[in-house]
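Here the protein sequences come in this chain order: P and E. Per the numbering used here, the very first residue in the first sequence carries number 1; after that it's consecutive. Per the numbering used here, the very first residue in the second sequence carries number 1001; after that it's consecutive. Even glycine gets a Cβ: it sits at the ideal position worked out from N, Cα and C. Keep in mind that this is a model prediction, so the values were computed, not measured. In what follows, a structure is listed as structure tokens, so that the remarks can point back to it.
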Amino acid sequence: MKIAIPADEKNLAGEVCMSFGRAPYFYIYETITKMGDFIENEAASSPGGAGIKAAQIVVDNHADILITPRCGENAAEVFKATELQIYKSKNGSISDNLDAYHNDKLSKLENFHAGFHGVTGN
Amino acid sequence: MKLAVLSGKGGTGKTLVSVNLAAVAKNSVYVDCDVEEPNGHLFFKPTEIETETVAIKIPVVDEDLCLGCRKCVDFCKFNALAAIVNKLLVFDDICHSCGGCIMLCPSNALTEKDKVIGEIKTGISEEVKVISGILNTGEVSGIPIIKELLKKTAAEKRLTLIDCPPGSACIVMESIRDADYCILVAEPTIFGRHNLALVYELVKLFNKPHGVVINKCMPGENLIETFCIENKINVLSKIPFESELGAINSDGEIAVKSEKYYGLFSELLQAVVKEVEHETVTHS
């Protein structure tokens, strides 16, 4: 099973990124091999719709689980078409959150925000 | 001649200035581009109203024809499409209606559908033609409505007042595109000065001749006047901060119908027309 986590830097001791769509990296962790990789989030620099593209990247990397502090409505709409489950991250590093997930300490993310688009006049 | 009236923030007096300039000019056109909350019609109370809807083009997928090649997904700069588990998702609110995805689709799986986002109402108020753009609640961008409004008035020979949306974002840029002159309305507060600086930067960027109208003027030092002197901006008029004018406005009446304010707006109009004619001479 694969777990995806938005990351501020390519470091397991680093914090989980506060943004899903515009996170610079995703950490993709394989629970069977216990190995993981940081991949670049190409959506981070999108002029718009970053959440949708980021969700596409996460799905293309075959993630089954996403651990994130928050997630927008559009990304959630993409995930709805898949089996992926979303958990809310806790304060702390990426490794802390992986541990928390394995110890059943994370709860499902159920509130999706409408975005921080500042669309006045888009 | 097309005059755009804009301001960095809402509530500074864009509608007051544009409605009264259109009214004082008589044989004129008033275009309300503040499509999220058009209010010029409240003053003009136009009659003989004709309504037309404004629609944008959104792609629709025929899943039986989609090959899953993702050409559309990769092309869309706004990420309005996602290809998830053999399904192509379209996000209507993100789509900018460029039609690129439809052109690129190798299997004709994408076609266009109309999505109504608002309407345009045209009416008459005495000698003023009143055109208002209205964006439906919940829609993301009013720009397609503004484009339609300006298309309707492109060939207009009469003096045209464009009442812009507040701010300095894309929707304002679209509104001033065809303007011969920009009237920047500002109120003398720190917030007002900050927002004036933003629209001032915008009109310079677009190379639009411009001048400032200071609304809600009180005696004494005036932040906006100081800003205009520092930046060598022409102050076209100062509208006094008076409860009488406020009362006329809140009653939905046009101020120039009162003798007291007729002169103020008539002089402003003359000042602007002179500026535009001067610009035309120096640039031709």
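Among P:55, P:52, P:86, P:54, which has the Cα closest to the Cα of residue 65 (chain P)?
-> One-based indexing of the first sequence puts residue 65 (chain P) at position 65. Distance from the Cα of residue 65 (chain P) is smallest, within the candidate group P:55, P:52, P:86, P:54, for P:86.
Check the Cβ-Cβ distances between residue 52 (chain P) and every residue of chain E, and say whether any is below 9 Å.
-> Walking along the first sequence from the start, residue 52 (chain P) turns up at place 52. A Cβ of chain E is located within less than 9 Å of the beta carbon of residue 52 (chain P).
Spatial distance of residue 1258 (chain E) from residue 1023 (chain E) (CA atoms) = By 1-based counting over the second sequence, the position of residue 1258 (chain E) is 258. By 1-based counting over the second sequence, the position of residue 1023 (chain E) is 23. Cα to Cα, residue 1258 (chain E) sits roughly 12 Å from residue 1023 (chain E).
Work out the CA separation of residue 1249 (chain E) and residue 1045 (chain E) for me, nearest whole Å.
-> Position 45 of the second sequence, counted from the start, is the residue given in the question as residue 1045 (chain E). Position 249 of the second sequence, counted from the start, is the residue given in the question as residue 1249 (chain E). The straight-line gap from Cα to Cα measures roughly 14 Å.
Count the C-beta pairs between the region 1063-1072 of chain E and the region 1145-1154 of chain E that are closer than 8 Å, then say yes if the count reaches three, no if not.
-> Under the three-pair Cβ rule at 8 Å, the region 1063-1072 of chain E does not count as touching the region 1145-1154 of chain E.
Do the CB positions of residue 82 (chain P) and residue 1212 (chain E) come within less than 9 Å of each other?
-> Along the first sequence, one-based indexing puts residue 82 (chain P) at 82. Along the second sequence, one-based indexing puts residue 1212 (chain E) at 212. Between residue 82 (chain P) and residue 1212 (chain E), the C-beta gap is not smaller than 9 Å, which leaves the two residues out of contact.
Listed from N- to C-terminal order along the chain, which residues in the region 1075-1094 of chain E have their beta-carbon within a distance smaller than 9 Å of any beta-carbon of chain P?
-> So the list reads 1076, 1077, 1078, 1079, 1080, 1081, 1082, 1083, 1084, 1085, 1087, 1089, 1091, 1093, 1094, given in the order they occur along the chain.
Which of helix, strand or coil DSSP assigns to residue 20 (chain P) = Numbered from its first residue, the first sequence carries residue 20 (chain P) at position 20. Residue 20 (chain P) falls in the coil class under three-state DSSP.
Whose CA, out of E:1238, E:1031, E:1038, E:1282, lies closest to the CA of residue 1137 (chain E)?
-> The count along the second sequence starts at 1 and reaches residue 1137 (chain E) at position 137. With distances taken between Cα atoms, residue 1137 (chain E) lies closest to E:1038.
9 Å Cβ cutoff met for residue 1008 (chain E) and residue 1268 (chain E) | Taking the first residue of the second sequence as position 1, residue 1008 (chain E) is located at position 8. Taking the first residue of the second sequence as position 1, residue 1268 (chain E) is located at position 268. Contact flag unset, no.
Classification of residue 1270 (chain E) by the beta-carbon crowding that lies within 10 angstroms, buried from 16 upward = Position 270 of the second sequence holds residue 1270 (chain E). Around the beta carbon of residue 1270 (chain E), fewer than 16 other beta carbons sit within 10 angstroms, so the residue counts as exposed.
Run down chain E in chain order and give the residues with a C-beta less than 8 Å from the C-beta of residue 68 (chain P).
-> Taking the first residue of the first sequence as position 1, residue 68 (chain P) is located at position 68. Here the premise fails: no neighbours, minimum Cβ distance about 17 Å.
Does the Cβ of residue 104 (chain P) have 16 or more other Cβ atoms within 10 Å, making it buried, or fewer, making it exposed?
-> The count along the first sequence starts at 1 and reaches residue 104 (chain P) at position 104. The residue in question, residue 104 (chain P), is exposed, as its Cβ has fewer than 16 Cβ neighbours within 10 Å.
Between residue 1052 (chain E) and residue 1183 (chain E), what straight-line distance do the alpha-carbon atoms span, to the nearest angstrom?
-> On the second sequence, residue 1052 (chain E) is found 52 positions in, with the first residue counted as 1. On the second sequence, residue 1183 (chain E) is found 183 positions in, with the first residue counted as 1. The alpha-carbon atoms of residue 1052 (chain E) and residue 1183 (chain E) are separated by roughly 29 Å.
Compare the C-beta of residue 72 (chain P) with all C-beta atoms of chain E and state if any pair is closer than 9 Å.
-> By 1-based counting over the first sequence, the position of residue 72 (chain P) is 72. By this cut-off, residue 72 (chain P) is not an interface position.
Roughly how many whole angstroms lie between the Cα atoms of residue 1245 (chain E) and residue 1016 (chain E)?
-> Along the second sequence, one-based indexing puts residue 1245 (chain E) at 245. Along the second sequence, one-based indexing puts residue 1016 (chain E) at 16. Spanning the two alpha carbons is a distance of roughly 10 Å.
Can you list the residues of chain E that residue 123 (chain P) reaches, using a CB-CB cut of under 9 Å?
-> In the structure as shown, chain P starts at 1 and stops at 122, and residue 123 (chain P) therefore has no counterpart that could be examined.
Given that a residue counts as buried once 16 or more other Cβ atoms are within 10 Å of its Cβ, and exposed if not, what is residue 1265 (chain E)?
-> Within the second sequence, numbered from 1, the residue matching residue 1265 (chain E) stands at position 265. The C-beta of residue 1265 (chain E) has 16 or more other C-beta atoms within 10 Å across all chains shown, which makes the residue buried.
Tell whether a beta-carbon distance below 9 Å holds between residue 1094 (chain E) and residue 57 (chain P).
-> Position 94 of the second sequence, counted from the start, is the residue given in the question as residue 1094 (chain E). Position 57 of the first sequence, counted from the start, is the residue given in the question as residue 57 (chain P). No; because the gap between Cβ atoms is not below 9 Å, this pair is not in contact.
Specify the secondary structure class of residue 1182 (chain E) as computed by DSSP and reduced to three states.
-> As a first step, residue 1182 (chain E) is located in the second sequence; it is residue number 182 there, counting from the start. Per DSSP, reduced to three states, the secondary structure at residue 1182 (chain E) is strand.
Counted within 10 angstroms of its Cβ, other Cβ atoms place residue 1029 (chain E) as buried (16 or more) or exposed | What you label residue 1029 (chain E) is simply residue 29 of the second sequence in a count that begins at 1. Counting Cβ neighbours within 10 Å, residue 1029 (chain E) comes out buried, since at least 16 surround it.
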